[in-house]
Amino acid sequence: MSEQETVFSKVVSSGKKKYYMDVRKAKTGSLYLTIKEVTVGDTQDKAESRRILVFDNAIKDFTEAMDEIKKHIPARESGKSVSVAI
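The numbers in our numbering rise by one with no breaks, and the one at position 61 of the sequence shown is 65.
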């Protein structure tokens, strides 16, 4: 096994941005979440990316915060509700 193994992946696109969410397993066996935001520029070399890591000892607090946050985000014009599931 490599240093980390991808357990689950999800990609969300929004305009010029893509969000890559991966659950990975470290070589120690612990799980963690990576969220990478990529903003596409005019050319490939102008793309910007940022990444955060949420380790398994903080995932419960992180998901509880996201559940609370989504209550404050109104639904979009398409009638779709905001959904955050981690």
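The beta carbon of each residue, even a glycine, is placed where N, CA and C say it ideally should be.
Given the structure is predicted, the values throughout are model-derived calculations rather than measurements.
The straight-line gap separating the alpha-carbon atoms of E68 and G33 is approximately 24 Å. Take K64, set aside five residues on each side of it, and no residue of its chain has a beta-carbon closer than 8 Å to its own. A Cβ-Cβ distance of about 5 Å is found for the pair K21 and T43, placing them in contact under the 8 Å criterion. According to the DSSP assignment, T67 belongs to the alpha helix (DSSP H) that extends over 63-74. For K22, the enclosing beta strand (DSSP E) stretches over residues 21-30. Residue nearest to K40 within the set E72, T10, S53 is S53 (criterion: CA-CA distance). According to DSSP, V16 shares a beta bridge with Y23.
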